[in-house]
Every structure is written in structure tokens, then in C-alpha cells.
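Before any comments, here is the structure.
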Amino acid sequence: MPSKISSFNRGLFTQSFRSVGWIGLVYSFLLLFALPLQLLMKYTGNPEFKPEKIKTLFELFDGLQLVFMFTVPVLLAVFLFRYIQTKAAADYFHSLPVRREALYHQNIIVGIAILVVPVVITAGIIGLVKGMLNVTDLYTAKDIMVWAGYTIIFNLVVFFGTVAFGMFTGISILQAIFLYVLFLLPGGFVMLLLSNLKFYWYGFPIDYYLNKSAEKLIPFLHATELMTKKNLTISPWIYVILIIIFYAIGYIAYKKRHIEAATQSISFKWVKPIFVYGVTTCALLVGGVYFGSMQGTFGWMVFGYVLGALIGYIVAQVILHKTWRIAKYWKGYVISLAIFFAIGAFVHIDAFGYESKVPALNEVESVYFEEGTYLLTEDPTSEQYTEYGNEYVPPYYYTSQEAVEAIHRLHEQLAKNPVSMTSKDIQGDDGRTAAIAYKLKNGKTLVREYELNFKAYHPLYKKIAETKEFKENFNPFLRSGDMSDVTNVQITSDGQISKQASIRNPEDIKALAEILKTSMKNETFEEMYSERGPWAYIDFNTGQGKNKQHVTWEKSYDEVSDWLKKKGLYNKVRVLPEDIEKIVVLKNPHQHEIDFYADEEFPSLVESEKTIEVKNNDQKEEILETVSWASNGAYLVGIYYKEDPSTPEIQEFTEETVPDFIKEKLLK
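Position one of the sequence shown corresponds to residue 1 (the UniProt record's numbering), numbered consecutively onward.
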């Protein structure tokens, strides 16, 4: 009698449902508890109680729904295909008169049903309970559909991913681990690669690339967007395509997988070297970044590469062979290390000319110049702008010839004089970041970010700072337009005590705005980059309570000081000598850095170090005008206010800013 090979087996289908049906029940209860029950608990009862509204349904249950997305489908896939990971079960199931593709598809259908049905039921119940809530516009039918759609999509991506990756191992625990590792791998590997490149190429803008691309490659981070946004920044169709790809990989691998692969760490022979050297590469990059960042020398970074690669290679071989007896495979480690160092040497000599590349002036359309690249990657649709009312400020690109030429000259000098990321010249108070991004006439963009010694480049910075366009960008207030919607100006003193005053007269508000602009335009380079703290902070607020502009009243703004004196507000909004009991100054031992506990440590330093106590009002004023927030100043300054004389406010003097009378008395 000829044997019959079936494309469907009802008994196996039923058995699959019985073996994993409990996962569907648990998932259903979790969803019902996380959504409908939470809605009833939070939004029913006392109608006068008005809890905060939710932005999306994913926000309920503190985002634990996202945890369900990345755990339930994994467990389901592992249990559904558990039979291919044990020898006895694999022999039994594959000896049945059922085609392999039929077995695969039956389990896939069971998995889809268990993941989709609880979501659909929960969505229906969410719709039903809406009428019972005391907040009528909490969510809409569209919100429910969006929640259900994204939940199903992410569930299926994780499920099909676990199934696909599970075909390449014969151990269930590795199936789950592979899923999480491979979901993190694209973004994680890019992050490691970029983090290593910053040690090789001076000017490499690591933060720019991390914020622009690396994080977008990690599905876990995409899912977290659902808690604050109604839609993802990445198209859901990308995930639909991923589902199809994972399905195809799983299907093809299942058909070609040998039954004997059960209990083996890696199921396919050709995957084994990829696994070993992939783990070795990632561990090598981690070791290089860790020791390079912690120790700050090239030698330690090389040590990190050697140690990281060794650990990664050993771990991979132990997992692959399931034994510690792997010494005979030492040649693979040596060869891989040689290849890694050859690649590293090629990158280090800058064969691509990355460090020296500066576009010609006639190729430049405009140029961005700031202390970081964060504005280049800032998302205007993020929560801080859409929910909290903060005004999005797009990155500013200089277009005037004098500004572009001045920035270009600075870039040329930086490219000619590369320094190590760990050089002491770019650390401490003199260290500064310069981010430069060109928009070229051919439509391309060139971005660089440099750590540099600010003092060494003062002349070039001064040329940039003296341009009209730079001052307008340095002080965005100079570009502010109509201020007619401003109804209130709040001025708050800088310091441990709070002194405030409000201006409501429209004419005074307009006059103050113009005076501020005049002071900003008159600032010198030295004043713009002074570390002196401001006298006060000035907020221009609209009638709706929104802060339109926030500026500082710098100690160099003489025009503002004169105007406030004229209006009788000067003494009301800045710290005066009369507000201070005394000021104690001492030489900063070992260049102590100001930190959170400085006010607690200062009294003990007063006991052990030579000090000068200042009570004369004229001398207090001189100190207030020159004291700064420098983090490692040569002199520590303790300001004791009359309001609270027990707790000093700690500021500092540099050698350049300390008043002569203090230096003379302390050096006697």
C-alpha cells in the first residue's frame, strides 16, 4: 500500500493548541488587566476626580505592555517548536506522514492565533468600557485600532524572528537569547564601531551618527515611542516586510535543517564560523572602547582589543562545542586577531583622508557651527515640543561670506593639527567642543566634531565671534521678531537667594527687549565666553503662560544695568553687597572641583587653609562682579548670605579674574 503524506493533520493541530494554549490564556488575562481593568480603576468612581489623561493606550500599566510584546511571543515560539530541539521528539514528529512545510505552517497558524485573538478581544472590551468612564474623550475608536495594530505587528515580528533564529540552534534557551541579541545587533554593532572610530579619526562626530541612525536600528527603542506618540517615526510597513523575511528564513531553514541538529548549539555548519567570529568581533570592540575610554591611552586600547577578542573567542567556542577543551582551536584566535589589527592599522593611517578632508570654500553653500551636533539630529515631533510647549529651534546655518570664511579657517587649522581624544590639552576648563557641518552645493553634507583646547584657538574663534551673523546666532534673542504677545517679563536673580520683579507695561517690555539686543551686539569676544555668572535671568512670557524667550542679564550688559537703575529695578533683581554677611576666599588646594557637596566641604577647608574674610561692601561688589562658576578655579569663594549665613554658596576665581587685593593678602 502506498504511503500517504498529508499536508494537514488535525490531531497535530489540536495537540499544538493544547501544548501552548495556556500562553494564550495568560496573555489574555495580562492584557485585560493592563488595559480595560486599569481604565475602569482609574477613570470610574468619583466624577470630580480628574486624573491626568493618557497620550496613548500603550501608556497604561506603566508601559508593561511593551514587556509583554518582547516576552510572550518568544515563549510561544520556543514552546511551539520545542520538538525540533530534542532528539526523541524531532525523530518522532518528522517520522509522521506529514510534510515538513505542513508542520511548519500548522505551528505558525497556531502561534498567530494565540497572539492575535487576545489582542482583538481586548480591543473590543476597551471599546465597550469607554461608555463607563467619567472622561468622555479619553480615546477614540482610531486609538483602539492603532493600539491593536501596533501590538499585533510587534508580536508577530518578535514571534517570527524567534522562529527564524531558532532554526539555527538546537537548544531552546539559545533560541531566545539569539532573538534578543540579534534584535540588538544592528544598532549595537554600529554603536560599537562608531565608538571605536572616534579614537582613530580626529573630528569624527560620534554623537551625530549615534543619534541619527544607530538607535533607529533597535526595535526595542522603536516600541518605546508608542508610549508618547500615536504613530512611530518609522513606517509600520518596514515591520510587515520584516515579518515576511523572518517567515521565509524560518521556512527555508526548517526544510533544510537536519533532524540531528537537535541539542547542537549551531544547527548549520556554515553558520558556525559566522557565530564564532561575530562574537569575537563584538567582544573585541567592547574591550577597545572600555579600556580606551577608561585609561585614555592607545596602549590600553590595544590591550582591550586583545583581551576582549580572547574572551569573546573562548565564550563562542565553549558554546559551540559545549566543552572547555578548546585549546586546539587557538589558531583561529591568532588569525582573527591578525586580521583585526590589519584593519585597525589601515583605519589608523587614515587611508581614506577623513581627518584632512576640508571642502573648498567655493563648494560650500552654508555651514553649521555650534558646541555640539545635537541640533542637527533633534526631532521637532518629540514630546518636549509637542506636549510641553517648548519652542523648537532648527539648526542655524551661516551663509554670510565673512562667517563662512572664518569658520572654514578654523576647520582648516583643526584638520592640520589632529590631537588624541585623550590628550590633556583638550580636557579640563580649556577643553571645548566645536561641531561643524557643511551644506555643500552638490547637495551633500559634511559633518565634523572636534575636541580642542579653546585658548589655543582664541584668535580664530575671535574672528568668528566678531561677525554680525555669529552674534545673532550666539544670542537667538537678536533674531526674535514680534514681541506684542508678551504680557509679562519676569526677572529673577542668580544666586542662592531669590530676588524677583515683574514688568507688565508694554512700552517697558518693548524697551527692555531693545536694550538687551543693544547689549548683546556690543559684547566683546572675551565677554561672550566669560565664565562669570549672570546677574539675573529674564523670561518673556505670553498671556497663555508660555515662555517665549529666556535670556540672561550678563554682568557685561551695561546698557541693561543703566535701564534697570532708571526704572528702579536694579537693586530688586540682583544680589547686592548688602545681601551678604561675608565672603570667605581661600586658595583652592589641589584645584578642587566644585561639586554637589562643595558647600558642605568648604567649612573644613576654611579650618585647614589660609583664608581672607571680606566684609567691606566695595570689596564685596568687586568680588561679585568677577566671581565665576569655573569648575577648577585657582581660588574658592564662599558667599554667606544674611538670609542663611550657615550655608555658603561656592563659586571660584581663576588666576586671571581674582582681584588684586585678595591675591596680595593670600600670598603674604
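Beta carbons are placed, not taken as given, at the ideal position from N, Cα and C, and that holds for glycine.
Just so we're clear, the structure is a prediction, and the values are computed from it rather than from any experiment.
Exercise. What's the call for D579, buried or exposed, on a 16-neighbour Cβ count within 10 Å?
Worked result: Here the question's residue 579 lines up with position 579 in the sequence shown. Buried, since its Cβ has 16 or more Cβ neighbours within 10 Å.
Exercise. Quick one: what's D539 bridged to in DSSP?
Worked result: Taking the sequence shown and counting its residues from 1, the one referred to as residue 539 is at position 539. Its beta-bridge partners are Q490 and H550.
Exercise. Which of helix, strand or coil does DSSP assign to I662?
Worked result: Taking the first residue of the sequence shown as 1, we reach residue 662 at position 662. Three-state DSSP puts I662 in a helix.
Exercise. Looking at C-alpha atoms only, which residue of T86, F268, Q38 and G633 is the closest neighbour of F256?
Worked result: By one-based count along the sequence shown, residue 256 stands at place 256. One point to set straight first is that residue 256 is Lys, not Phe, in the sequence displayed. Comparing Cα-Cα distances from K256 to each of T86, F268, Q38 and G633, the minimum goes to F268.
Exercise. In terms of DSSP beta bridges, what is F653 paired with?
Worked result: Position 653 of the sequence shown, counted from the start, is the residue given in the question as residue 653. For F653, the pairing in a beta bridge is given by DSSP as Y635.
Problem set entry | Buried/exposed call for F199, threshold 16 Cβ in 10 Å | Counting from one through the sequence shown, the residue named residue 199 turns up at place 199. The residue is buried, with at least 16 neighbouring Cβ atoms inside 10 Å.
For this session: Count the other C-beta atoms from every protein chain shown that fall within 10 angstroms of the C-beta of H550, then say buried if there are 16 or more, exposed otherwise.
Result: Position 550 of the sequence shown, counted from the first residue, corresponds to residue 550. Its Cβ having fewer than 16 others within 10 Å, H550 is exposed.
Exercise. Three or more C-beta pairs closer than 8 Å, one from the stretch 177 to 197 and one from the stretch 106 to 114: is that the case here?
Worked result: Segments in contact, no.
Exercise. Within 10 angstroms of its Cβ, does Q15 collect 16 or more other Cβ (buried), or is it exposed?
Worked result: Working through the sequence shown from its first residue, we reach residue 15 at position 15. Exposed: under 16 other Cβ atoms inside 10 Å.
Exercise. So, is D618 buried or exposed, given that buried needs 16 or more other C-beta atoms within 10 angstroms?
Worked result: For this step, residue 618 is matched to residue 618 along the sequence shown. So D618 ends up on the exposed side.
Exercise. Who are the Cβ neighbours of M1 in its own chain at under 6 Å, not counting the five residues just before and after it?
Worked result: What you label residue 1 is simply residue 1 of the sequence shown in a count that begins at 1. Note on M1: pLDDT 36, under 50, position unreliable in the model; the coordinate value appears next. Shown here for M1: not one same chain residue has a beta carbon closer than 6 Å to its own, the five before and five after excluded.
Problem set entry | Option nearest N616 by Cα separation, candidates E581, K587, T626 and K642 | Looking up residue 616 in the sequence shown gives position 616. The shortest C-alpha separation from N616 is found at E581.
Problem set entry | Minimum length 4: unbroken alpha helix (DSSP H) runs contained in the stretch 241 to 275 | Segments of the alpha helix (DSSP H) lying fully in the stretch 241 to 275: there are none.
Problem set entry | Beta-carbon gap between A164 and G292 smaller than 8 Å | As a working mapping, residue 164 is identified with position 164 in the sequence shown. As a working mapping, residue 292 is identified with position 292 in the sequence shown. No, they are not a contact pair.
Problem set entry | Cβ shell of G111 (< 7 Å), same chain only, five flanking positions each side left out | The residue labelled residue 111 in the question sits at position 111 within the sequence shown. Excluding positions up to five away in sequence, the list reads L76, A77, L80 and F159.
For this session: Given a cut-off of 8 Å, decide if Y396 and Y438 are closer than it, judged by their beta-carbon atoms.
Result: Position 438 of the sequence shown, counted from the start, is the residue given in the question as residue 438. Position 396 of the sequence shown, counted from the start, is the residue given in the question as residue 396. Between Y438 and Y396, the C-beta spacing is not below 8 Å.
For this session: Could you pull out every residue in the same chain whose Cβ sits closer than 7 Å to the Cβ of I503, ignoring the five residues on either side in sequence?
Result: Locating residue 503 in the sequence shown gives position 503, counting from the first residue. Close CB contacts of I503 within its chain, under the 7 Å cut and outside five residues either way in sequence, are with V489, I509 and L512 (chain order).
Exercise. Anyone know if the C-beta pair for M520 and A465 falls short of 8 Å?
Worked result: One-based indexing of the sequence shown puts residue 520 at position 520. One-based indexing of the sequence shown puts residue 465 at position 465. Taking 8 Å as the Cβ cut-off, M520 and A465 do not qualify as a contacting pair.
Problem set entry | Coarse secondary structure for V302, derived from DSSP in three states | Here residue 302 refers to the residue found at position 302 of the sequence shown. The answer is helix: DSSP assigns V302 an H, G or I state.
For this session: Classify H258 as buried or exposed, calling it buried when 16 or more other Cβ atoms lie within 10 Å of its own Cβ.
Result: By one-based count along the sequence shown, residue 258 stands at place 258. By the neighbour-count rule (16 or more Cβ atoms within 10 Å), H258 is not buried but exposed.
For this session: Give a yes or no on contact between the stretch 307 to 319 and the stretch 279 to 294, applying the rule of three or more CB pairs nearer than 8 Å.
Result: Yes: at least three Cβ pairs fall under 8 Å.
Problem set entry | DSSP beta-bridge partners of N453 | The sequence position of residue 453 within the sequence shown is 453, counting from 1. According to DSSP, which records beta bridges pairwise, N453 is partnered with G431.
Problem set entry | alpha helix (DSSP H) segment containing K587, residue limits | As a position in the sequence shown, residue 587 is number 587, starting the count at 1. From DSSP, K587 is part of no alpha helix (DSSP H) but of the beta strand (DSSP E) over I580 to K587.
Exercise. Taking the beta strand (DSSP E) that F178 falls in, what are its first and last residues?
Worked result: Numbered from its first residue, the sequence shown carries residue 178 at position 178. Secondary structure note for F178: it is in no beta strand (DSSP E), and the uninterrupted alpha helix (DSSP H) holding it is S172 to Y200.
For this session: Would you kindly work out how many angstroms separate the C-alpha atoms of G203 and L284, rounded to a whole number?
Result: Here residue 203 is taken as the residue at index 203 of the sequence shown, counted from 1. Here residue 284 is taken as the residue at index 284 of the sequence shown, counted from 1. Separation of G203 and L284 (C-alpha to C-alpha, rounded to the nearest whole angstrom) is 23 Å.
Exercise. DSSP on P648, reduced to helix/strand/coil?
Worked result: Here the question's residue 648 lines up with position 648 in the sequence shown. In the structure shown, P648 falls within a coil segment according to DSSP collapsed to helix, strand and coil.
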